[in-house]
Amino acid sequence: MKAKIRTCPFNNCPCQLDCPDRHPDRSGCRLTDTLDAGQDALVFNNPTGEVLMFFHDGRASKMPAIIAGVPQEMVKKLLYPDATPVDSDRS
Numbered sequence: 003m004k005a006k007i008r009t010c011p012f013n014n015c016p017c018q019l020d021c022p023d024r025h026p027d028r029s030g031c032r033l034t035d036t037l038d039a040g041q042d043a044l045v046f047n048n049p050t051g052e053v054l055m056f057f058h059d060g061r062a063s064k065m066p067a068i069i070a071g072v073p074q075e076m077v078k079k080l081l082y083p084d085a086t087p088v089d090s091d092r093s
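Mapping the sequence shown onto my numbering, position 82 (from 1) lands on 84, and the numbers just tick up by one.
Put into structure tokens, the structure is as follows:
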């Protein structure tokens, strides 16, 4: 049985052997696996900072921005994980 040649959604070329995201034992990566399974994928492109939406039918879209509200308590917990109740009264 011939192995399936995967196409990289970023450049529509066959998956490269030196791609850092490639599976070590076969062609493709988590992104191609997700798209092959019929699911859409929201990708935050680390080197460029782009937000991309890849659809399982082959379409791609550059998203203008992702805006998410985060409760203030969660922000405090993320920024100051070791804060005590006394510390939080000082803010």
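All C-beta atoms, glycine included, are put in the ideal place defined by N, C-alpha and C.
Select from the options the residue whose C-alpha is nearest the C-alpha of residue i.
{"i": "N14", "options": "T34, R28, V45 and H25", "result": "T34"}
Contact check, residue i vs residue j under 8 angstroms by CB: the rounded distance?
{"i": "D42", "j": "F57", "result": "5 angstroms"}
{"i": "R8", "j": "G30", "result": "4 angstroms"}
{"i": "N47", "j": "L54", "result": "6 angstroms"}
Along the chain, where does the alpha helix (DSSP H) that runs through residue i open and close?
{"i": "M65", "result": "Counting along the chain, M65 falls outside any alpha helix (DSSP H), and DSSP gives it neither H nor E."}
{"i": "E75", "result": "Q74 to L81"}
Which residues mark the beginning and the end of the beta strand (DSSP E) in which residue i is found?
{"i": "F56", "result": "V53 to F56"}
Enumerate, from N- to C-terminal direction, the unbroken alpha helix (DSSP H) stretches of 4 or more residues contained entirely within the stretch 8-47.
Runs found: 32-38.
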